[in-house]
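Residue numbering for the sequence shown follows full-length UniProt numbering, beginning at 1 and increasing consecutively. The beta carbon of each residue, even a glycine, is placed where N, CA and C say it ideally should be. Here the structure is a predicted model, which is why all the values come from computation and not from measurement. Reviewing the structure listed below.
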Amino acid sequence: MSTSTATPYRHPNPKEALPEIVVPHAVPLDERVWVPQADNVWFRPLCLNVSQGYWTNLLRVRKSGVLSCHRHPQAVHGYVIKGSWHYLEHDWIATQGSYVFEPPGETHTLYVPDDVEEMITMFHVNGVMYYVDSEGNHTGFEDVFIKLDMCRKHYERVGLGADYVDQFIR
Ligand SMILES: [Fe+2]
């Protein structure tokens, strides 16, 4: 497409503005970019926002994988890139192309059934993942700093280097 008639903005961005992030292969070509989270569960960081306390990532779950029961104190946005999944607590199914809004106060357990080889979903998670058992008792949590630490340790271990994750931090 010709850009000859388009006029770019002629001024610099505010000096306090952070640099953009562009990830050419959000679904990575290099398997090492996926950070193991649990049996058959991985995440891939896209934006780890340490100034506002959120993270945007791809979640990959293979068949029979479970993302443990958790409560969201803040909203989550999801977009299903591949495969399908559901929550044990709901009767709807998130299929490829679906958008999902998870409201604050929602507690659920993500499950990928046997007949789905693999699902990949982009999630934007604000605040924390507050893990609970089926009675609601607290069992653990993750915030952006814990995700960041998981990335650093994994990337060091697989030879990408701990600082590989730095490109995703804002
Ligand atoms: Fe969730």
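(1) From this set, Arg157, Asp163 and Leu148, which residue's C-alpha is nearest Thr56's C-alpha?
(2) Out of curiosity, what's the CA-to-CA distance linking Gly53 and Thr5?
(3) Whole angstroms is fine: what's the gap from Tyr164's alpha carbon to Ser64's?
(4) At a cut-off of 7 angstroms, is Val128 close to ligand 1 when judged by its beta-carbon and the heavy atoms of the ligand?
(5) May I ask whether a heavy atom of ligand 1 can be found less than 7 angstroms away from the beta carbon of Val80?
(6) On a Cα-Cα basis, can you pick out the residue from Met119, Pro104 and Thr139 that is closest to Trp85?
(7) Quick check: does the Cβ of residue 221 come within less than 7 angstroms of any heavy atom belonging to ligand 1?
(8) Hey, how far is the Cα of Pro19 from the Cα of Arg152?
(9) Out of Pro36, Trp34, Cys69 and Gln96, point me to the one whose CA is closest to Gly140's CA.
(10) In this structure, how does DSSP classify His11 when only helix, strand and coil are distinguished?
(11) Would the beta-carbon of His72 be found less than 7 angstroms away from any heavy atom of ligand 3?
(12) Counting along the chain, where does the beta strand (DSSP E) carrying Ile169 start and finish?
(13) If you draw a straight line from the alpha carbon of Gly105 to that of Gln74, how long is it in whole angstroms?
(14) Contact between the region 79-94 and the region 107-122 is defined here as three or more beta-carbon pairs at a separation below 8 angstroms; is this criterion met?
(15) What are the start and end residues of the beta strand (DSSP E) that includes Lys82?
(16) Flag Glu102 as yes when its Cβ comes closer than 7 angstroms to any non-hydrogen atom of ligand 1, and as no otherwise.
This is what the structure gives:
(1) With distances taken between Cα atoms, Thr56 lies closest to Leu148.
(2) Rounded to the nearest angstrom, the gap between the Cα atoms of Gly53 and Thr5 is 40 angstroms.
(3) Straight-line Cα distance between these residues: approximately 30 angstroms.
(4) Because no heavy atom of ligand 1 lies under 7 angstroms away, the Cβ of Val128 does not count as near it: no.
(5) It does not: the Cβ of Val80 is nowhere closer than 7 angstroms to a heavy atom of ligand 1.
(6) It is Met119.
(7) Given that the chain is displayed from residue 1 to residue 170, the structure contains no residue 221 and the question cannot be resolved.
(8) A straight-line Cα-Cα distance of about 21 angstroms links Pro19 and Arg152.
(9) For the residues Pro36, Trp34, Cys69 and Gln96, the minimum Cα distance to Gly140 belongs to Cys69.
(10) Note: His11 maps to coil in three-state DSSP.
(11) Ligand 3 is absent from the structure shown, which contains only ligand 1.
(12) For Ile169, there is no enclosing beta strand (DSSP E), since its DSSP letter is neither H nor E.
(13) Rounded to whole angstroms, Gly105 to Gln74 spans 7 angstroms at the Cα level.
(14) By the Cβ rule, the region 79-94 counts as touching the region 107-122, because three or more pairs are nearer than 8 angstroms.
(15) Looking at the DSSP string, the run of the beta strand (DSSP E) that includes Lys82 is Val76 to Lys82.
(16) Closer than 7 angstroms to some heavy atom of ligand 1: that describes the Cβ of Glu102.
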